[in-house]
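Peer 1: Numbering follows this note's numbering, with no gaps: position 79 of the sequence shown is 640.
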Amino acid sequence: MFPFDSTAFSAAWNAHDLDTIMAMSSDDCEFHSAAGSDPRGTVYVGPDAVRAAYATLFAALPDAQWSDSRSTPIGENRVLTEWRFIATKPDGTELKVDGLDVLELSNGKVKIKNSFRKSII
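#1: Taking the alpha-carbon of L641 as reference, which of L664, A648, S628, I582 has the nearest alpha-carbon?
#2: Run through DSSP, which three-state label would S598 get?
#3: Do you know offhand how far S632's Cα is from E643's?
#4: Hey, quick one: how far does the beta strand (DSSP E) through T642 stretch, first residue to last?
#5: Using a Cβ-Cβ cutoff of less than 6 Å, which residues in the same chain neighbour P564 once the five nearest sequence positions on both sides are dropped?
#6: Which runs of the beta strand (DSSP E) at least 3 residues long sit entirely within the stretch 567–636? Give them in chain order.
#7: How big is the Cα-Cα spacing for T649 and I635?
#8: Exposed or buried, which one is A674 when buried takes at least 16 other CB atoms within 10 Å?
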């Protein structure tokens, strides 16, 4: 059996449950966001920085949801999670984009969450 519960991880994201998300993350976790000045996006290193980045996202888009999730194990230590992100932007317009995360695991926890998404032009 695969040692990572992607259904619980997705549910924690949709609930904006930082405690559960961080409990499912390793002590040396990283978050590589989909945008930023670095080719990898903005990179947050360590649980405090990762938690703060996630909290900022939830505060900026309080109705954010990840729907149509589908997870596929890739080897023993990676999971590909595809999703549709839906949220209301501060100006009231709906944001709806498809994306994916490549999750690198360590001891059954997320070590690196590397996010990719479509851009709306």
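Beta carbons are placed, not taken as given, at the ideal position from N, Cα and C, and that holds for glycine.
Peer 2: Let me lay it out:
#1: Your numbering for residue 641 matches position 80 in the sequence shown. Per the Cα distances, L664.
#2: Locating residue 598 in the sequence shown gives position 37, where the first residue counts as 1. DSSP, read as helix, strand or coil, puts S598 in coil.
#3: Looking up residue 632 in the sequence shown gives position 71. Looking up residue 643 in the sequence shown gives position 82. The alpha-carbon atoms of S632 and E643 are separated by roughly 6 Å.
#4: Residue mapping note: residue 642 aligns to position 81 of the sequence shown, counting from 1. Per DSSP, the continuous beta strand (DSSP E) segment holding T642 begins and ends at 639–649.
#5: Translated into positions along the sequence shown, residue 564 becomes position 3. Here the set comprises G669.
#6: Segments of the beta strand (DSSP E) lying fully in the stretch 567–636: 586–593, 604–606, 626–634.
#7: Working through the sequence shown from its first residue, we reach residue 649 at position 88. Working through the sequence shown from its first residue, we reach residue 635 at position 74. Using only the alpha carbons, I get a separation of about 32 Å.
#8: For the purposes of this step, residue 674 is taken as the residue at position 113 of the sequence shown. The residue you asked about is not Ala; residue 674 is Lys in the sequence shown. Counting of Cβ neighbours within 10 angstroms places K674 among the buried residues, the total reaching 16 or more.
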